[in-house]
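Novice:
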Amino acid sequence: MKNMKRTISGLIVSIVILTNFITMGNFVFAANLENAFTSDGPLGQVGDKAGYNIQQRTLDPLISQIITIVLSFLGVIFLVLMIYGGFLWMTSAGNEDRTKKAKAIFISALIGLIIVVVAYAITFFVLDQIVEGSGLLKK
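Residue numbers (my numbering): -8 to 130.
#1: Would you report the Cα separation of G77 and Q36, rounded to the nearest angstrom?
#2: Spatial neighbours of L65 within its chain, please: CB distance less than 6 angstroms, with the 5 preceding and 5 following residues excluded, ordered by chain position.
#3: Nearest to T(-2) by CA position, among A93, Q120, T82, G103, is which residue?
#4: Just the C-alpha distance for S5 and K40, rounded to the nearest angstrom, thanks.
#5: Given a cut-off of 8 angstroms, decide if L72 and I96 are closer than it, judged by their beta-carbon atoms.
#6: Excluding the 5 residues flanking R89 on each side, which residues of the same chain have their C-beta closer than 8 angstroms to its C-beta?
#7: State yes or no: is the C-beta of L118 within less than 8 angstroms of the C-beta of S55?
#8: Pull up the distance between the alpha-carbon of A112 and that of G42, whole angstroms please.
#9: Note down the Cα distance separating I57 from G103, rounded to an integer number of angstroms.
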């Protein structure tokens, strides 16, 4: 019964910490962004210095950003699975079933990470070819 209470309280604490981590960005406010994305604005100047065509108004950068965010979120899931597998392994106390379960979680998380990295590489290559072929970058 004690272990169950510890597990539930640990799960509640983990959920609270994870919720705070995810929603932390909601408290960041930016002021005076009316002209930030124009060529005279600060973001436009940075984009211009980086070599991007800041007059371009297509969905390519948005799609790229969405894919990057999703793949980053999958990386966070990998990290959580590795921590969970490590926790199971460290608390197995010689129990072979829990050790096997932890190893299975490690292997599954590693396979998932490989899939995410390959997906990111393919996405980066395809979007790079699209951008290069469409002339969005200044030469």
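Every residue gets a Cβ at the ideal spot worked out from N, C-alpha and C, and that includes glycine.
None of these values were measured; they are calculated from a predicted model.
Specialist: The short version:
#1: The straight-line gap from Cα to Cα measures roughly 46 angstroms.
#2: Cβ within range, chain order: V107.
#3: It is T82 whose Cα lies nearest to the Cα of T(-2).
#4: Spanning the two alpha carbons is a distance of roughly 42 angstroms.
#5: A Cβ-Cβ contact shorter than 8 angstroms links I96 with L72.
#6: Within the same chain, R89 has close Cβ partners L79, W80, T82, S83.
#7: For the 8 angstroms CB-CB criterion, L118 and S55 form a contact.
#8: In a straight line, the C-alpha of A112 is about 22 angstroms away from that of G42.
#9: Going by the C-alpha atoms only, they are around 19 angstroms apart.
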